[in-house]
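Trainee: The structure that follows is given in the form of C-alpha cells.
In my numbering, the protein residues as written are 192 to 1456.
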C-alpha cells in the first residue's frame, strides 16, 4: 500500500528545517563493537528530530506528522532522498500509520573491526543514532535511525508482544529522488544478473529494480540498498511508482515474512555523497552484525584460475561441462595457477567425484588449492550438506561455489544462514553465484569470500559491455565483493586488453576468478607479470576519477604498494591520471596500456605531484603498479625464485602390490638462494613408502639442486588407471615468503581384476561426460533413488544427456545387463527425450531409442543384455534425443557385468616395506610394514596371522613388526566354514637399537697397561666387527691389543662396535700408559709424555746405573753442550762434518759433543762469547739459561721474523731486553707459558737454568711446529 499523501514537498522540507529542529546531542564515542553510550533525546513539540553524522556532512530530518513517520536525508544542505511512510504492516496490526512517539534516545556508535575481504582490512565506523519508540494498539516498537558520514540507514525493532506467530505483510516505505537525477538501475531478478539501464529517477520504466540502485543529482550520489538481511526476514527490492521519481519497497514476490516474538528487521540504507564517498563506502558492512567466526586464519582470499569459459573452446571434450569433467584439463589449470603463484583453481559444473582426490593431490603439490562448484539443490538439506562437506574435508577441498539459489525469499535466507554457519564450522570458504547481493554478510561470516550477483565477464559480448563495466564500481561493487570473473583476452572482446587487465583492480572480490586459457595469459607477458602481483584484499581503496558509463579509475593499496586500474567505455582519448594517492617520496610506476592490439609496459620514477597522460583506445584502459623507489630497486615485481621440480618413475605401469622407484630433483632456475628447503613425496593415501624420506637443505643457490629417491608400494583401495606421483618442495624465497613447488609423473595402475558379478557404478570411470552436473552413482541427480518407469533401484548410473561414461573391462567380462530409461528427476520431466547406446571399444553393440523416436518418461523400460566378450573399454552413452539438453536425466539402472569366476586362493604371500631387509645380514633396521595377500594375487579369502604362534588375528590391512629380535610370523587361510589351511612361517629379523658401548679391560687403576687390552660389546643381532684406533690411527684389532711393542708414553684407544645388522654403536675411549726405561720417571710424572717422546726419539738416553737401570734426572740443569746435542738429535742427527779447528777455544775437537756444538755454531744457533783475545768461548758445561734457550730454539726454527708485542706477556721480561723477541716468539708458539703469579701476571724467569724435564717439554712442543 502506497501512502503518497505523506510524500514531502520541497516547501515542507524547507519549512521544517526553518524551525530549528533539535539536532542530536553529542554522544560519547567508545571504540569496539557493542561499545555504545546512550543519552536521552527530546523531540520538538511538533515531533521533529534531526540526526547529523559525526562529521556533520550528512543530515537526516525525521518528522512524525499525523501519525506517519517520514525522513529526508542529504548532504551539504541539499536533500537527496525523501523517505516516506517508515514502518511496516503485520497481519494483525498496521505499524506504519496512527503512530505516537512515546520515547526517544540518541547515542554515538563507534565500532572498529577487521575484514578478511573487501575495500579495507581495518575498519572504523562512527554513527549517530536516534531511536524512536512508537506506540499503536498497545504495542510499542522501535525505529532506529543512523547517520554516518557516508549515508543514513533505518530499521525496526519489533517486540515479542506481537506474538509467537505473525507475519510482516509489507513495508509501505517509499523513496523519492530528485526527478532529474541520473539513475543506473538493474531490472530486478533474484540472480541480479540483468544489465543496468541508464535513465533518470522520474523517467525510469515502471517496474521492479534490484538493489543497489544508484542515482546522481549534481555531484552527489544516492545508492539505495539494504544490510544485515538474515533468515529472520526476506530480501526486498524497489518498484517504480508510475509518474513520479518515487520507488516503493517490496518484499520478494510480495510473500509475507514469517516471524515469532521479537524481530529486528534489516537496515534500509541510503549511501550519500560524492562519487568517491560512494565508491569507498563501507556502510553496508558497518551496519552488519559483527563477525561470528572467532578464528579466521584459515580463510585465505586470493586468485583462482577458472576453466569454465575456456572449456567452451574444447569441443574435443564434449562441452563446457564435459571439459569440467576431464581431469587432465583441470590439471592444466592447476599448472597455470602454480606458474603464476595463484593460490586456487575452481572446478565448475561437471566435475567428477572419483578424480577430485587425485586433482587435490596434484594441485596441492604445486601450492594450489581446489575450490568446487555445486548446484544449490545438491546442498539444500542438512543431510546433503553433511554428506558433501564430509567428503570435501576428506579430499582437502578448500572451498565451494554454490549456484542457482535464484530467490530472495525467507526460506532461501534461512538456507544462507545455515550453509554459512556450516561451512565456517568445516573451514570451507564459500562463493555464491546465482545469488542475492552481499548485505554485509562478509563481515558477519568472513568465509563468504565473494558473491556473483552481477552481469559478469562470461556474458560480456555486446558493444556496450565496456560501458557496462564502468557502471559497476558505482552500483553493484559498492555493497560488497563481486565475482565478475575478469581478465579475458581471448576472442573478439568488446573491451581492450588493457581494459581487461585493469578489472581485478577496478573490481573488488575476495576471490578473483581469472577466466582465460593458459595460452592466452602466456601470450601477454606484461599482463602475466602484473597479474602475479595483484592481491584480492586491500588496505585502502580510493576513487581517482570516474563517472558511470564513461570511466572508472580506482586506486587500491596493499601494504606499501599501490595498484591503479582505469577502464573506459568511450571512444579513444587521452586519460589524465593524478598520482596524489601515492604520498611522499619517489615511486617506481609500472604503466601498462594498449598498443597495436597487445600490451606495452613502461617503468618510470614518479612522485605524488605527477599527473600521467595515458592514451586510451576505444573501450580501453590501463593498469598501474607503484612501489617506493628504494635504492637499487628497478621494478616493483616480486616474482621470487623461479623453481622447478622434476619427477621420474620406474616402472610406469604397475599392478597393486608392485613397487615403484621415484626420483625427484628440485632445481632453482633463478632468483636464488632459497632457504629451508624440504623435498618430500606425495602419493595416494593407500600407498606405502618403502624407503626414502624427506630431504632437507638449509640453502639452495641459483642452479642448485636437491635430489630425493623413494621406493613406494602400490596399495589396494587407492586410485587406479592414471595416477600422479608428485614430489613437493617447500621452501622460503628471498623475500621470506613460504612457497611450494611440485612436479609429477604419471603411473598407469592396473585396476584389480573383475570377477563374478560386478556393479558398473563401483568401477572407476576412464571417461565421464555429462550435460549437467555429475554422473549419479547409485543415486539420481538430486541425490534420491534411481528410478526408471516407476521402479526404483539400489544400483545404477544416471547421466544428464548428452553424456557418456566409460569403464575399463580389460577383456575380463562376458555380459552387460541394465534397465535403461528416463530418470524422472528433472524439473520438467515431460520434456525429457533421449537415446541410449552401449559401445565396446568404440563400436556400437546395442541401442535404444532414436532421435526420431526418443525414449520419454512414459516409454517402457529398455532392457539391455549385451555380449561384451573381449571388450577392453565399455562406454554407456545417453543422447539428447535430437532436441538438445532439456531435463534429459537418463539412467542405466541395475547396471552390472558378468565377469570371470574368481580364482581360488591357495596360499598367503608375505611382502614387506621395505621389500628386503634394509640392514645387513638379513636384518631390518626400521620396523617393517608387513603385507599379506592371497595367492594367486587378487583371489579372495580371509587371512589369519600370529606373531607369537598362539594368538591369531584376522588380517585387515598392513601391520608393523616393532619387536626387536627374531619374530616368527605365522600365516594361514581361513575358509567361510571355519576351516584353516596349513600354517606357513616367515622369520622377520629386526634390530632398531645400536650395539652397546664396548667395555675395555686390561688397564690398571694407575693407568698402566697390561700385556694386552681387550674389549667386548652387545647387540641384538650380534657383533660383526670392531673399529679400533690408537692415537687417532686405525689399527687392526679383533678383540684385543698387544702392548709389548708400543712405545713409552700415554696412548689413546677408541673402540666402536658394528652389529651384524649394520648398526654402529657409541665409541668407548680409554687412555693408558707404557712406562719409560727411566726409573726416576714413573707413570704420572710431570712431563711424562714429553720425556717418553724424548727417549723414543733417541734424543736422550739418560744415565745408566749399576745393575742396568737408567736414570733421566729430570731436575738436573741442562748444560750448554747437552743442549746442543738435544737440538742436533731433534733435527734428525744430520750428516755433518765438523771443522778440524774448533770454533770455540773451550771446546776441543775431542769433546764428546764437539760435532753437535760445531753443528749448532754452523747453523747459527749459537755464537758463544767473545774473549778479550778475540777467541770465542762456548762454555759447554755452563747451565743454559731460559732466555738463551729461547734464542737457541728461535734460531733452530730458522730465525722467523718476529713482531714483538709492545706490552710484554711476562712481567720480568721487558721490551728491549736481550732475547725479548725470541722469548715472546716462544710464548706465541705455545712452547713456554711461564709461571702464573698471584696477581694474574706471568713470569718467564729468563736467567733461571733449564731443567731436563722442562727441556723435554720445550723440545716436544718445538718439534710439533
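The C-beta atom is built at its ideal place from N, Cα and C for all residues, glycine as well. Bear in mind that the values here come from a model prediction, so they are computed numbers and not experimental data.
Quick check on this structure: which residue in 497, 640, 1384 has the alpha carbon closest to the alpha carbon of residue 1412?
Mentor: In the chain shown, counting from the first residue as 1, residue 1412 sits at position 1221. Selected option, being the one with the closest Cα: 1384.
Trainee: Run through DSSP, which three-state label would residue 930 get?
Mentor: Working through the chain shown from its first residue, we reach residue 930 at position 739. DSSP places residue 930 in strand when its eight states are reduced to three.
Trainee: Which residue comes first and which comes last in the beta strand (DSSP E) that contains residue 835?
Mentor: Working through the chain shown from its first residue, we reach residue 835 at position 644. From DSSP, the beta strand (DSSP E) with residue 835 extends over 833-841.
Trainee: Quick check on DSSP: helix, strand or coil for residue 639?
Mentor: Stepping through the chain shown from its first residue, residue 639 is reached at position 448. The answer is strand: DSSP assigns residue 639 an E or B state.
Trainee: Which whole runs of the beta strand (DSSP E) in the segment 910-963 are 3 residues long or more, in chain order?
Mentor: The qualifying runs are 912-923, 929-941, 948-950, 956-960.
Trainee: Between the segment 884-897 and the segment 1117-1124, are three or more C-beta pairs nearer than 8 Å?
Mentor: no
Trainee: Which partner residues does residue 1123 have in the DSSP bridge list?
Mentor: For this step, residue 1123 is matched to residue 932 along the chain shown. Answer by DSSP bridge pairing, in chain order: 1101.
Trainee: Just checking my contact of residue 1124 with residue 1093 at CB under 8 Å: how many whole Å lie between their CB atoms?
Mentor: What you label residue 1124 is simply residue 933 of the chain shown in a count that begins at 1. What you label residue 1093 is simply residue 902 of the chain shown in a count that begins at 1. Their Cβ separation, rounded to whole angstroms, is 14 Å, which puts residue 1124 and residue 1093 out of contact at 8 Å.
Trainee: For residue 263 versus residue 249, is the C-beta distance shorter than 8 Å?
Mentor: Position 72 of the chain shown holds residue 263. Position 58 of the chain shown holds residue 249. Against a cut-off of 8 Å, the Cβ pair of residue 249 and residue 263 comes out as no contact.
Trainee: For residue 927, would you say it is in contact with chain D, using Cβ-to-Cβ distances shorter than 8 Å as the test?
Mentor: In the structure shown, chain D cannot be found, because there is only a single protein chain.
Trainee: Return the chain-ordered list of same chain residues with a C-beta closer than 8 Å to the C-beta of residue 1203, the five sequence neighbours on each side being excluded.
Mentor: Taking the first residue of the chain shown as 1, we reach residue 1203 at position 1012. Same-chain partners within the cutoff: 1193, 1231, 1232, 1233, 1234.
Trainee: Judging by CA-CA distance, which residue of 1099, 1211, 1152 is the nearest neighbour of residue 1165?
Mentor: Here residue 1165 corresponds to residue number 974 of the chain shown, with the count starting at 1. Checking every option, the nearest Cα to that of residue 1165 belongs to 1099.
Trainee: Assuming residue 583 is part of the alpha helix (DSSP H), what are its boundary residues?
Mentor: To locate residue 583, count along the chain shown from 1; it is residue 392. Start and end: 573-586.
Trainee: Are there 16 or more other CB atoms within 10 angstroms of the CB of residue 943, so buried, or fewer, so exposed?
Mentor: Here the question's residue 943 lines up with position 752 in the chain shown. Under this definition residue 943 is an exposed residue.
Trainee: Beta-carbon separation of residue 888 and residue 897 under 8 Å?
Mentor: Here residue 888 refers to the residue found at position 697 when the chain shown is read from its first residue. Here residue 897 refers to the residue found at position 706 when the chain shown is read from its first residue. Cβ distance < 8 Å, so residue 888 and residue 897 count as in contact.
Trainee: Tell me the residue span of the alpha helix (DSSP H) that contains residue 1286.
Mentor: For the purposes of this step, residue 1286 is taken as the residue at position 1095 of the chain shown. That run of the alpha helix (DSSP H) goes 1279-1287.
Trainee: By DSSP's criteria, residue 999 is part of a beta bridge. Which residues make up the other side?
Mentor: As a working mapping, residue 999 is identified with position 808 in the chain shown. BP columns for residue 999 point to 1064.
Trainee: Within the same chain, show all residues whose beta-carbon is closer than 6 Å to that of residue 904, passing over the 5 residues directly before and after it, in chain order.
Mentor: Numbered from its first residue, the chain shown carries residue 904 at position 713. Result list for residue 904: 850, 879, 881, 1104, in chain order.
Trainee: So, is residue 1267 buried or exposed, given that buried needs 16 or more other C-beta atoms within 10 angstroms?
Mentor: Locating residue 1267 in the chain shown gives position 1076, counting from the first residue. So residue 1267 ends up on the buried side.
Trainee: Pull up the distance between the alpha-carbon of residue 289 and that of residue 257, whole angstroms please.
Mentor: By one-based count along the chain shown, residue 289 stands at place 98. By one-based count along the chain shown, residue 257 stands at place 66. The straight-line gap from Cα to Cα measures roughly 7 Å.
Trainee: Starting from residue 778, follow its DSSP beta bridges and name the residues at the other end.
Mentor: Here residue 778 refers to the residue found at position 587 of the chain shown. Bridge partners of residue 778: 797, 819.
Trainee: Just how far apart, CA to CA, sit residue 148 and residue 725?
Mentor: This structure does not reach residue 148, given that the chain is present from 192 up to 1456, and the question cannot be answered.
Trainee: Count the other CB atoms, across all protein chains shown, that sit within 10 Å of the CB of residue 1213; report buried if there are 16 or more and exposed otherwise.
Mentor: Sequence index remark: in the chain shown, residue 1213 carries index 1022 (1-based). Burial check for residue 1213: the Cβ neighbour count within 10 Å stays below 16, so the residue is exposed.
Trainee: With a threshold of 6 Å on Cβ separation, who are the neighbours of residue 1453 within its own chain once the five nearest residues in sequence on each side are excluded?
Mentor: Translated into positions along the chain shown, residue 1453 becomes position 1262. So the list reads 1384, 1422, once near-sequence residues are dropped.
Trainee: Which whole-angstrom value is the C-beta distance of residue 366 and residue 415, which I expect to be below 8 Å?
Mentor: In the chain shown, the residue the question calls residue 366 occupies position 175. In the chain shown, the residue the question calls residue 415 occupies position 224. Between residue 415 and residue 366 the Cβ distance is about 6 Å, and since that is below 8 Å, they are a contact.
Trainee: Mark residue 270 as exposed unless 16 or more other C-beta atoms lie within 10 angstroms of its C-beta, in which case mark it buried.
Mentor: Residue numbering aside, residue 270 sits at position 79 when the chain shown is read from its first letter. Residue 270 comes out buried.
Trainee: From residue 518 to residue 543, what distance separates their C-alpha atoms?
Mentor: Taking the chain shown and counting its residues from 1, one reaches residue 518 at position 327. Taking the chain shown and counting its residues from 1, one reaches residue 543 at position 352. Approximately 8 Å between the Cα atoms of the pair.
Trainee: Pick helix, strand or coil for residue 614, following the three-state DSSP scheme.
Mentor: Indexing the chain shown from 1 puts residue 614 at position 423. In the structure shown, residue 614 sits in a helix (DSSP, three-state: H, G or I).
Trainee: Closest to residue 1211 by CA distance: which of 331, 1116, 535 is it?
Mentor: Position 1020 of the chain shown, counting from 1, holds the residue named residue 1211. It is 1116 whose Cα lies nearest to the Cα of residue 1211.
Trainee: Based on the DSSP secondary-structure assignment, which residues constitute the bridge partners of residue 382?
Mentor: Position 191 of the chain shown, counted from the start, is the residue given in the question as residue 382. Answer is none; residue 382 lacks a bridge partner.
Trainee: Give me the Cα-Cα distance between residue 1044 and residue 1053, rounded to the nearest whole angstrom.
Mentor: Counting from one through the chain shown, the residue named residue 1044 turns up at place 853. Counting from one through the chain shown, the residue named residue 1053 turns up at place 862. So the two alpha carbons sit approximately 13 Å from each other.
Trainee: Whose C-alpha, out of 610, 633, 441, 1388, is nearest the C-alpha of residue 280?
Mentor: Taking the first residue of the chain shown as 1, we reach residue 280 at position 89. For the residues 610, 633, 441, 1388, the minimum Cα distance to residue 280 belongs to 441.
Trainee: Could you pull out every residue in the same chain whose Cβ sits closer than 6 Å to the Cβ of residue 484, ignoring the five residues on either side in sequence?
Mentor: One-based indexing of the chain shown puts residue 484 at position 293. Excluding residues within five positions, the ones whose Cβ falls inside 6 Å are 615, 637.
Trainee: Whole angstroms is fine: what's the gap from residue 224's alpha carbon to residue 525's?
Mentor: The sequence position of residue 224 within the chain shown is 33, counting from 1. The sequence position of residue 525 within the chain shown is 334, counting from 1. Unreliable positioning characterises residue 224 in this predicted model, as indicated by a pLDDT of 35, which lies under 50. The coordinate reading is nonetheless provided below. Residue 224 and residue 525: Cα-Cα distance of roughly 41 Å.
Trainee: Three-state secondary structure (DSSP) at residue 664?
Mentor: Against the chain shown, residue 664 aligns to sequence position 473. It is helical.
Trainee: Less than 8 Å between the C-beta atoms of residue 1306 and residue 1444, yes or no?
Mentor: Here the question's residue 1306 lines up with position 1115 in the chain shown. Here the question's residue 1444 lines up with position 1253 in the chain shown. In contact: residue 1306 and residue 1444 (Cβ atoms closer than 8 Å).
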